[in-house]
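K.L.:
So the sequence shown is residues -20 to -1, 1 to 371, counted in mature numbering (1 follows the signal peptide of the UniProt record, and there is no 0). Can you keep this structure in mind? I'll have questions shortly.
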Amino acid sequence: MSRRIAVLLVAQIAAAVASAGEVRTRGLAPLDNQSRGAARLQAIQDAERRAAELPGMRIMGNSRSDGLGTTQIQGDGRLGETRVVGESSNNGMLRVDTAVNVNPKGGCPAAHYRKKLAVAGFTLAHPDQALDLFDAGHGFAMELFRGLENNRRFQLRNAVSISVFPDPNLAPAVDTYGDPRAVAALGRKMDAQFVVAGSILDLSATSSIYNQFANEITSLFGFHTEPYKRGLRVGLYVFDSLTGNSLLEQVYDRTVYGDVYFGTGQAFNSREVQDSQLGGAVQEIIEQQVADIATKLNCLPLMERIVRVEKPYVYINAGSNSNIQVGDTLAVYHQLDKPLPGVYYQSERSLGYAEELKTTLTVTQVQPSFSIGKLEVDSAEVSPMDLVRSW
């Protein structure tokens, strides 16, 4: 009887685990020429990839460099917290047994980190369409900045006075040939992991037939009736500041009726504009943009840099403001010297830099703007400006 109860209890526990979306997987990684911590990180990533292949999950993309890779997953579930429940080594291979949360409501390991995000200015594809609004591009960028600030998921950098698009009609290409170096330079200057920019593609106003007839009459007296309909089309572009490459390109369209025209020189962020139908449409777009940015960036790893090396300790340019905590494990990467050349556009355009995983570190002390971590391998060749990532 007691045996039967025990079996039923085990079955109930297993069912509870399954309903919670936690699955057991095993990952493997070679121990050759790398620290145990680096091998453990690879093995955990391998286990997570195996979890992603379970029913209900679908791998969308996979890229590797020196045996490491990233996986984008789409399906009913999303990879959440990963727990290591066992570890062993044999014949030069490290084996890690994990419990991975694939609950549909689960988050992802990097979501709690507050990544640094610079918001650049928005350009106007047709400046003549915004003569009634003062500095509409700057004003729209400030509204997006405030929306992201209220979201509280990111550390914001204000770069709304800087434009990364010399020609707004070519956005999201940052110049005629799509050279990403301007974005990368802005990211370094602002100490930001990502750069957000955009372009207002359409602000055209249209009169009704009644207004057109009224204009013919009122023009005799020196004034015109205001347009009653206005288009609002905005392009949003998110870039990785390390490479300058695009991560998100999205266009938002609205057609606004009613109070949409403001005479000459009305400030875009004024109360009059904000309380109008046009201002309401702007806020709708801002809210959607904030949500799209968060969805795209939340599960990407936190990336920061080492600013000082005092072995076995290193100093990182991120701390409690980024939600880094004592005990966090971060991977240390060294950027190789030669960039990968592009195969199109102009010859000096590069695709980015390959990286080498050096070791891992454990955070031992946290301050608001920096933290200190202890290297797992003291002899690892680690230098200032090397990268640290949450995976």
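Beta carbons: idealized from backbone N, C-alpha and C, even for Gly.
1) Out of curiosity, what's the CA-to-CA distance linking residue 88 and residue 366?
2) Using a Cβ-Cβ cut-off of 7 Å (strictly less than) and excluding sequence neighbours within five positions of residue 91, which residues of its own chain qualify?
3) Between the beta-carbon of residue 183 and the beta-carbon of residue 109, is there less than 9 Å?
4) Do residue 351 and residue 299 come within 9 Å of each other at the CB atom, strictly closer than that value?
5) Taking the straight line between their C-alpha atoms, what separation do you get for residue 231 and residue 151?
6) Kindly indicate which three-state DSSP category residue 119 falls into: helix, strand or coil?
7) Pull up the DSSP beta-bridge partners for residue 8, would you.
8) Please classify residue 140: does DSSP put it in a helix, a strand, or coil?
9) Smallest Cα separation from residue 118: which of 102, 75 and 368?
10) Got a sec? Which residues, its chain only, sit under 8 Å from residue 409 by beta carbon, not counting five neighbours each side?
11) Is there at least one Cβ from chain B nearer than 9 Å to residue 18's Cβ?
12) In three-state terms, what does DSSP make of residue 300?
13) Helix, strand or coil: which one does DSSP assign to residue 373?
14) Just the Cα atoms here: how many angstroms apart are residue 362 and residue 142?
15) With a cut-off of 8 Å, do at least 3 Cβ pairs link the region 114 to 132 to the region 236 to 249?
16) Taking DSSP as the reference, what is the three-state secondary structure of residue 84?
17) State the DSSP-derived secondary structure class of residue 215, mapped to helix, strand or coil.
18) What would DSSP say about residue 229, mapped onto helix, strand or coil?
19) Is residue 341 buried or exposed, if buried means 16 or more other CB atoms sit within 10 Å of its CB?
20) Output yes or no for whether 9 Å exceeds the beta carbon distance between residue 223 and residue 333.
21) On the CB-based measure, 16 or more other CB atoms within 10 Å of its CB, does residue 263 come out buried or exposed?
22) Secondary structure at residue 275, three-state DSSP: helix, strand or coil?
23) Mind checking residue 70: buried by the 16 CB within 10 Å criterion, or exposed?
24) What three-state label does DSSP hand residue 246 in the structure shown?
25) Rounding to the nearest angstrom, what Cα-Cα distance links residue 135 and residue 129 in this structure?
26) Compare the beta carbon distance of residue 75 and residue 6 with 9 Å and say whether it is the shorter of the two.
27) From what residue to what residue does the beta strand (DSSP E) around residue 104 run?
28) For a quick check, are the C-beta atoms of residue 331 and residue 245 less than 9 Å apart?
29) Could you please give the first and the last residue of the uninterrupted alpha helix (DSSP H) stretch that includes residue 63?
30) Would you kindly work out how many angstroms separate the C-alpha atoms of residue 239 and residue 346, rounded to a whole number?
31) What would DSSP say about residue 254, mapped onto helix, strand or coil?
32) Measure the alpha-carbon distance for residue 235 versus residue 261 and round it to whole angstroms.
33) Would residue 22 and residue 97 be called neighbours here (beta carbons separated by less than 9 Å)?
34) What's the call for residue 271, buried or exposed, on a 16-neighbour Cβ count within 10 Å?
35) To the nearest angstrom, how far is the alpha carbon of residue 41 from that of residue 29?
P.N.:
Result, derived from the coordinates:
1) Position 108 of the sequence shown, counting from 1, holds the residue named residue 88. Position 386 of the sequence shown, counting from 1, holds the residue named residue 366. Looking at the backbone, the Cα of residue 88 and that of residue 366 are separated by about 25 Å.
2) Taking the sequence shown and counting its residues from 1, the one referred to as residue 91 is at position 111. Cβ within range, chain order: 278 and 279.
3) Here residue 183 corresponds to residue number 203 of the sequence shown, with the count starting at 1. Here residue 109 corresponds to residue number 129 of the sequence shown, with the count starting at 1. Yes, these two residues count as a Cβ contact at 9 Å.
4) Position 319 of the sequence shown, counted from the first residue, corresponds to residue 299. Position 371 of the sequence shown, counted from the first residue, corresponds to residue 351. A contact, by the Cβ cut-off of 9 Å.
5) Your numbering for residue 231 matches position 251 in the sequence shown. Your numbering for residue 151 matches position 171 in the sequence shown. Between the C-alpha atoms of residue 231 and residue 151 there is a straight-line separation of about 11 Å.
6) Residue mapping note: residue 119 aligns to position 139 of the sequence shown, counting from 1. Three-state DSSP puts residue 119 in a helix.
7) Counted from its first residue, the sequence shown places residue 8 at position 28. For residue 8, which the question treats as bridged, DSSP gives the partners 75.
8) Looking up residue 140 in the sequence shown gives position 160. Of the three classes helix, strand and coil, the one that applies to residue 140 here is coil, per DSSP.
9) As a position in the sequence shown, residue 118 is number 138, starting the count at 1. The shortest C-alpha to C-alpha distance from residue 118 to any of 102, 75 and 368 is the one to 102.
10) Absent from the structure is residue 409, since the part of the chain shown begins at -20 and ends at 371.
11) Among the protein chains of the structure shown there is no chain B, as only one such chain exists.
12) Start at 1 with the first residue of the sequence shown, and residue 300 comes out as number 320. Secondary structure of residue 300 (DSSP, three-state): helix.
13) What the structure shows of the chain is the stretch from -20 to 371, and residue 373 is not part of that stretch, so it cannot be assessed.
14) As a first step, residue 362 must be located in the sequence shown, where it is residue number 382. As a first step, residue 142 must be located in the sequence shown, where it is residue number 162. The alpha-carbon atoms of residue 362 and residue 142 are separated by roughly 34 Å.
15) Contact between the region 114 to 132 and the region 236 to 249 is established, with three or more Cβ pairs separated by less than 8 Å.
16) Along the sequence shown, one-based indexing puts residue 84 at 104. Legend: pLDDT at residue 84 = 49, less than 50; position of this residue unreliable, no value from coordinates given.
17) Counted from its first residue, the sequence shown places residue 215 at position 235. Reduced to three states, the DSSP call for residue 215 is strand.
18) For the purposes of this step, residue 229 is identified with residue 249 of the sequence shown, where counting begins at 1. Of the three classes helix, strand and coil, the one that applies to residue 229 here is strand, per DSSP.
19) The count along the sequence shown starts at 1 and reaches residue 341 at position 361. By the Cβ neighbour-count rule, residue 341 is buried, with 16 or more other Cβ atoms within 10 Å of its own.
20) Along the sequence shown, read from residue 1 onward, the residue named residue 223 stands at position 243. Along the sequence shown, read from residue 1 onward, the residue named residue 333 stands at position 353. Result yes, Cβ atoms of residue 223 and residue 333 sit closer than 9 Å.
21) The count along the sequence shown starts at 1 and reaches residue 263 at position 283. The residue is exposed, with fewer than 16 neighbouring Cβ atoms inside 10 Å.
22) As a working note, residue 275 is residue 295 in the sequence shown. In this structure, residue 275 counts as helix in the three-state DSSP scheme.
23) Position 90 of the sequence shown, counted from the start, is the residue given in the question as residue 70. Exposed.
24) Residue mapping note: residue 246 aligns to position 266 of the sequence shown, counting from 1. Correct three-state label for residue 246: strand.
25) Locating residue 135 in the sequence shown gives position 155, where the first residue counts as 1. Locating residue 129 in the sequence shown gives position 149, where the first residue counts as 1. CA-CA distance, residue 135 to residue 129, rounds to 8 Å.
26) The residue labelled residue 75 in the question sits at position 95 within the sequence shown. The residue labelled residue 6 in the question sits at position 26 within the sequence shown. Result yes, Cβ atoms of residue 75 and residue 6 sit closer than 9 Å.
27) Here the question's residue 104 lines up with position 124 in the sequence shown. Going by DSSP, residue 104 is part of the beta strand (DSSP E) stretching over 95 to 104.
28) Here residue 331 refers to the residue found at position 351 of the sequence shown. Here residue 245 refers to the residue found at position 265 of the sequence shown. Taking the C-beta atoms as reference points, residue 245 is found no nearer than 9 Å to residue 331.
29) Here residue 63 refers to the residue found at position 83 of the sequence shown. In the DSSP assignment, residue 63 falls outside any alpha helix (DSSP H) and within the unbroken beta strand (DSSP E) covering 62 to 70.
30) If you number the sequence shown from 1, residue 239 lands on position 259. If you number the sequence shown from 1, residue 346 lands on position 366. If you take the alpha carbons of residue 239 and residue 346, they lie about 51 Å apart.
31) Residue numbering aside, residue 254 sits at position 274 when the sequence shown is read from its first letter. For residue 254, the three-state secondary structure derived from DSSP is helix.
32) Stepping through the sequence shown from its first residue, residue 235 is reached at position 255. Stepping through the sequence shown from its first residue, residue 261 is reached at position 281. Each residue's alpha carbon lies about 8 Å from the other.
33) Locating residue 22 in the sequence shown gives position 42, where the first residue counts as 1. Locating residue 97 in the sequence shown gives position 117, where the first residue counts as 1. Against a cut-off of 9 Å, the Cβ pair of residue 97 and residue 22 comes out as no contact.
34) Position 291 of the sequence shown, counted from the first residue, corresponds to residue 271. Residue 271 is exposed by the Cβ-count criterion.
35) Mapped onto the sequence shown, residue 41 falls at position 61. Mapped onto the sequence shown, residue 29 falls at position 49. Here the model assigns residue 41 a pLDDT of 34, short of 50, so the residue's position is not dependable and the matter cannot be decided.
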